[in-house]
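Trainee: The structure is given below, and queries will be raised subsequently.
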Amino acid sequence: MGSLTGKTIVVTGALGVLGRAVATAADAAGAQVARVDYARAGAPAELLFDGVDLADEAAAGAAMASIAQACGAIHGLANVAGGFTWSLVADSPAASWEAMFRMNLLTALGASRAARPYLAKAKGAAIVNMGANAASRAAAGMGPYTASKAAVLRLTEALAEELAGDGVRVNAVLPSIIDTPANRTDMPKADFSAWVQPDDIARVIVFLLSDDAHAITGAAVPVTVGRKR
Numbered sequence: 000m001g002s003l004t005g006k007t008i009v010v011t012g013a014l015g016v017l018g019r020a021v022a023t024a025a026d027a028a029g030a031q032v033a034r035v036d037y038a039r040a041g042a043p044a045e046l047l048f049d050g051v052d053l054a055d056e057a058a059a060g061a062a063m064a065s066i067a068q069a070c071g072a073i074h075g076l077a078n079v080a081g082g083f084t085w086s087l088v089a090d091s092p093a094a095s096w097e098a099m100f101r102m103n104l105l106t107a108l109g110a111s112r113a114a115r116p117y118l119a120k121a122k123g124a125a126i127v128n129m130g131a132n133a134a135s136r137a138a139a140g141m142g143p144y145t146a147s148k149a150a151v152l153r154l155t156e157a158l159a160e161e162l163a164g165d166g167v168r169v170n171a172v173l174p175s176i177i178d179t180p181a182n183r184t185d186m187p188k189a190d191f192s193a194w195v196q197p198d199d200i201a202r203v204i205v206f207l208l209s210d211d212a213h214a215i216t217g218a219a220v221p222v223t224v225g226r227k228r
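So the sequence shown is numbered by numbering that gives the first Met the number 0: it starts at 0 and just counts up by one.
This is the structure in structure tokens:
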């Protein structure tokens, strides 16, 4: 999975199912983990920054500054924050598209821009963005979501080129359907064993954040295999 010992890792969307898995995996790999989320946790916790709108430049900047001050550095950023909506093009208002781009693209953009000065000072720094395997070809009802996730891939590629001089690697993971309670509720007749597990995605993200992946940047890594019994 890769070691993150001695590194401070920021996980966005950390209160969600996948975000929690990534934070747990990073912690197990030896990282000091700072958790960021738009939602409110309900109770304070160490290195938890809740109620943060990462699509807002000032809010993202303040959160990263607070993390850097508390931890002394930022070595890695896992942009897990995001959302999903199913909406046919004919029926989806512009607000649906705007919401998907705000949740999936602008949060990653805001967090990455805010973290950049700190990442540039850290040795072996890395960003991992959350793309989607479905973004390669949109199905009916997937227009707003897959368009926003395709934009995340272009952001990943651009950042990988732009941050190379600072020694910061930027990659993306492309999961298929993730086995979450919400997805099971929405698709009760599906074969859940074919869905990828949050823990498996988290392990790939930790690897990409670690020095074991020092030679990888600008990559889009599919994570699509479930655990069929």
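Note that the Cβ used here is the ideal one computed from N, Cα and C, for glycine as well.
1) What runs of the alpha helix (DSSP H), each 4 residues or longer, lie entirely inside the stretch 74 to 142?
2) Could you please give the first and the last residue of the uninterrupted alpha helix (DSSP H) stretch that includes A22?
3) V224 by DSSP, collapsed to three states: which one?
4) Please report the straight-line C-alpha distance between A54 and M102, rounded to a whole angstrom.
5) Going by beta carbon distance, what residues of the same chain come within less than 6 angstroms of T7, once the five residues before and after it are set aside?
6) Is it right to say Q196 is buried, meaning 16 or more other beta carbons lie within 10 angstroms of its own, or is it exposed?
7) What first and last residue would you give for the beta strand (DSSP E) that runs through R34?
8) Check this for me: beta carbons of L105 and G130, under 7 angstroms apart or not?
9) Quick check for students: name the residue ranges of the alpha helix (DSSP H) that lie wholly in the stretch 152 to 212, counting only runs of 4 or more.
10) Just to confirm, is the Cβ distance from I126 to V79 under 7 angstroms?
11) With DSSP collapsed to three states, give me the class of I215.
12) Candidates G225, F206 and D178: which alpha carbon is nearest V16's?
13) Is it right to say V222 is buried, meaning 16 or more other beta carbons lie within 10 angstroms of its own, or is it exposed?
14) Do you know how far the Cα of M186 is from the Cα of N132?
15) Starting from M63, trace the alpha helix (DSSP H) both ways and give me its first and last residue.
Mentor: According to the structure shown:
1) You should have 93 to 99 and 106 to 120.
2) Here the alpha helix (DSSP H) through A22 covers V16 to A27.
3) If DSSP states are grouped into helix, strand and coil, V224 belongs with coil.
4) Cα to Cα, the separation comes out at about 7 angstroms.
5) Here the set comprises Q31, C70, A72, I73 and H74.
6) Counting other Cβ atoms within 10 Å of its Cβ, Q196 reaches 16 or more and is therefore classed as buried.
7) Per DSSP, the unbroken beta strand (DSSP E) holding R34 starts and ends at Q31 to V35.
8) Contact check for L105 against G130 fails: the beta carbons are separated by 7 angstroms or more.
9) Correct list: 180 to 185 and 197 to 208.
10) No, these two residues do not count as a Cβ contact at 7 angstroms.
11) DSSP, read as helix, strand or coil, puts I215 in coil.
12) When only C-alpha atoms are compared, the closest one is D178.
13) Buried, since its Cβ has 16 or more Cβ neighbours within 10 Å.
14) Those two C-alpha atoms are separated by around 18 angstroms.
15) If you look at M63, you'll find it in the alpha helix (DSSP H) that goes E56 to C70.
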